[in-house]
Amino acid sequence: MLQNWTPAQTRSLLKGLAFISPWLVGFAGFVLYPIAASAYYSLTRYDVLRPARFIGFENYIELFGKDEIFRTVLGNTVYLVVLGVPAGLVVAFLLASLLNREMKLRPLFRTIFFLPVLVPAVASAEVWRWVYNTNYGVINSFIKSWGLAVIPFISSMELAKPSLILIHVWAQGTAIVIFLAALQDVPSSLMDAAEVDGANALQRFWHVTIPICTPAILFVMLTGMIGMFQYFTLGWLLTQGGPNNSTEFFSLYLYRNAFQFFKMGYASAQAWILFIIILAFTLLIFRSSARWVYYAGESD
Amino acid sequence: MQQAEAIASRPIQHLPLTQRPLFRFVRRALFYLMMVALGLVFAGPLLWMLSTSLKTDSQVYTVPPIWFPNPVRLINYPEALSSRPFGTYTFNTLRYALGAVAGALISNTLVAYGFARIRWPGRDIFFIICLSTMMIPFQVRMIPLYLTFKNLGWLNTYLPLIVPTFLGVNAYYTFLLRQFFLTIPSELSDAARVDGCTELGILIRIILPLAKPALAVIGLLQFMFAWDNYIGPLIYLNSENLYPIALGLQQFRTMFQEELMWPYMMAASTATAAPVIILYFFVQRTFVEGISITGLKG
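Protein sequences appear in the order of chains A and B. Heads up: the first sequence begins at 1 in this note's numbering, then just goes up one per residue. Heads up: the second sequence begins at 1001 in this note's numbering, then just goes up one per residue.
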């Protein structure tokens, strides 16, 4: 193959490879090798002290057959993704739409809605631990003074997951910025045309604004979904998987198996299951996107 | 008299309801009311953090809560931060963050240039492979990476956190930069090539000066990631004198008794969040513009 190329082509190939060489090394060493190794470890029993021992698909069989915690973990994670991602997306889109209107003090409001995403996860875990405090937290303190029953946000099995989702919904700064950029691209000629045709504000929002923003929505949905499946820090710090495993999410359980129980093979199998689930959800969203994502370029 | 009134009010009554001045005023007022309410809800947790960080113990346990403590107890900050080596945590975090920013900028610039500005056989295949790595969850690589770094003797150092950034492993940054490089007219490079400029020379002298907004975005994203990163340091570091703030903040929890700790804990949390927020205020424009430019086009 190589001998058929002109010297210029060979030179450009070498140039291109030279420029991407940092990535080639990083890809081989920190992506490709770990993926291959992880696939192998997932078929072994490996506690780090003794060499890995090949056991075929036993880890996978145990995960799906015997491990009841894993079943709970799967349910918790799907709950978090299926409710948390759309909730965050809807709130971010509505806030961005509000911010996109003509108003005084817009930079102030934009900063307020953006700030939460800047707060490091460890700090926001502490802040919310205090906000959710049953005795003196800001919400329960008021509730108490009105003589009502306190809300056990993160200490009850029913409320722990919704409480974590609420924190996620609060920190939508990145999505808001992306949506704002998309909203500014909505051609005003289209909006005017819709108005002339008698569409009211709600109809214009639903039939013009949202369709134009669907590529941005798809992007936020995909990255949000991939990120949410890997949800770790806030859960790890705030609820440690409790109460009674109700917030034991995929990454928490995986981390526990790998670095607390030193079941590296078992944890690797979980990582692969996670990968496949994320892949499946990605394909699902991409497949469906053909029906609901509108690309302005296509009609030209 | 009655006639005059009727005439004066006629034009308004002929306007559709939604365009009458009173209606518009009320609608505007309701809009601002809603914005202020939403603003308070979203700022609430952070105001609560700030307010608590300035309270005395008795102010903390007042029901209903107070938002503006009087007197203000500023000494919570030095008292809280000196109970643990917060200065060391900050220094560690800065060293890590700056190292990672340098790595991300250098490596991703080179790689993105190779993907955007040079035509070479196989480029698109490599680029697709590069992009597809974005979908691989960290958890898949986490265990082998840990074992590799263990064998290299890199555990309990910052090498596992910094070295990969020099090898352009964050495909998202590569993608953002490539998109930005593509928007720069190719005539600029062609003219320089005719003048005998090397590719590296073109990158440094022509592309980089034009790409400052995109570089700022990537620098900021990487800085924020490093400041925020919890699971990486959690896995690789185990001596407290190496802890970044992310791990250090948890050390404060072990220091203070649950019911006595809130002002201190909130002071430490404020100190953790403040640098990132202050940084954002300085680069806000670049950041928002950068996302709009590089975000989703193409």
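We treat Cβ as the ideally placed atom computed from N, Cα and C, and that holds for glycine.
Answer yes or no: does any C-beta atom of chain B fall closer than 8 Å to that of residue i?
i: A/Gln230; result: yes
i: A/Tyr33; result: yes
i: A/Val119; result: yes
i: A/Tyr294; result: no
i: A/Ala160; result: no
i: A/Ala123; result: yes
i: A/Ile165; result: no
i: A/Leu252; result: no
i: A/Asp300; result: Residue placement at A/Asp300 cannot be trusted, given a pLDDT of 36 that sits under 50; the coordinates are not used to answer.
i: A/Ala280; result: no
Residue i CB to nearest chain A CB: under 8 Å?
i: B/Ser1205; result: Note on identity: in this sequence residue 1205 of chain B is Arg, with Ser being the wrong assignment. Cβ-Cβ to chain A under 8 Å: no for B/Arg1205.
i: B/Cys1130; result: yes
i: B/Trp1262; result: yes
i: B/Phe1180; result: no
i: B/Pro1016; result: no
i: B/Gly1196; result: no
i: B/Met1255; result: no
i: B/Phe1175; result: no
i: B/Thr1286; result: no
i: B/Gln1059; result: no
i: B/Glu1240; result: no
i: B/Trp1120; result: yes
i: B/Gly1298; result: For B/Gly1298, the predicted structure reports a pLDDT of 35, less than 50, and the residue's modelled location is therefore unreliable. A value from the coordinates is still provided. No, because no Cβ of chain A sits closer than 8 Å to the Cβ of B/Gly1298.
i: B/Phe1166; result: yes
Tell me, please, whether the CB atom of residue i is closer than 8 Å to any CB atom in chain E?
i: B/Val1140; result: Reference to chain E is not applicable here, since the protein chains of this structure are A and B.
I'd like the span of the alpha helix (DSSP H) that includes residue i, first residue to last.
i: B/Asp1124; result: Arg1123 to Ser1132
i: A/His207; result: Neither: A/His207 is in no alpha helix (DSSP H) and is coded neither H nor E.
i: B/Gln1019; result: Element bounds for B/Gln1019: n/a, residue is neither H nor E.
i: B/Pro1144; result: Phe1138 to Asn1151
i: A/Gly65; result: Glu58 to Gly65
i: A/Gly173; result: Gly173 to Gln184
i: A/Val31; result: Here A/Val31 belongs to no alpha helix (DSSP H), and DSSP marks it neither H nor E.
i: A/Gly75; result: Glu68 to Leu99
i: A/Thr233; result: Thr233 to Leu238
i: A/Ala193; result: Ser188 to Val196
i: A/Asn354; result: This structure leaves residue 354 of chain A out entirely; chain A is present only between 1 and 300.
i: A/Pro107; result: Arg106 to Leu118
Please classify residue i: does DSSP put it in a helix, a strand, or coil?
i: A/Gln45; result: Looking at the sequence itself, residue 45 of chain A is Arg, so the reference to Gln does not match. Strand, per DSSP.
i: A/Phe262; result: coil
i: A/Arg129; result: helix
i: B/Gln1178; result: Sequence check: residue 1178 of chain B is Arg here, not Gln. In this structure, B/Arg1178 counts as helix in the three-state DSSP scheme.
i: A/Arg53; result: strand
i: B/Ser1083; result: coil
i: A/Phe153; result: coil
i: A/Glu248; result: coil
i: B/Val1163; result: helix
i: A/Val293; result: coil
i: B/Gly1298; result: Legend: pLDDT at B/Gly1298 = 35, less than 50; position of this residue unreliable, value from coordinates given subsequently. Reduced to three states, the DSSP call for B/Gly1298 is coil.
i: A/Glu158; result: helix
i: A/Gln230; result: coil
i: B/Trp1120; result: coil
i: A/Thr134; result: coil
i: A/Met103; result: coil
i: A/Val25; result: helix
i: A/Thr223; result: helix
i: B/Val1283; result: helix
i: B/Ala1171; result: helix
i: A/Pro243; result: coil
For residue i, is the classification buried or exposed, using 16 other Cβ atoms within 10 angstroms of its Cβ as the cut-off for buried?
i: A/Trp292; result: exposed
i: B/Glu1199; result: buried
i: B/Met1224; result: buried
i: B/Gln1096; result: Checking the sequence, you will find Tyr at residue 1096 of chain B rather than Gln. Flag for B/Tyr1096 reads buried.
i: B/Gln1139; result: buried
i: B/Lys1212; result: exposed
i: B/Phe1126; result: buried
i: B/Asn1229; result: buried
i: A/His207; result: exposed
i: B/Ser1269; result: buried
i: A/Ile20; result: buried
i: A/Ala290; result: exposed
Taking 7 Å as the line, does the beta carbon of residue i fall inside it for any heavy atom of the ligand MG?
i: B/Leu1155; result: Ligands in the displayed structure: none, and consequently the ligand MG is not present.
Please go through the segment 1036 to 1072 of chain B and give each complete alpha helix (DSSP H) segment of 4 or more residues, from N-terminal end onward. 1057 to 1060
What are the start and end residues of each continuous alpha helix (DSSP H) run of 4 or more residues lying completely inside the segment 1185 to 1265 of chain B, in chain order? 1186 to 1194, 1199 to 1202, 1212 to 1228, 1231 to 1236 and 1245 to 1255
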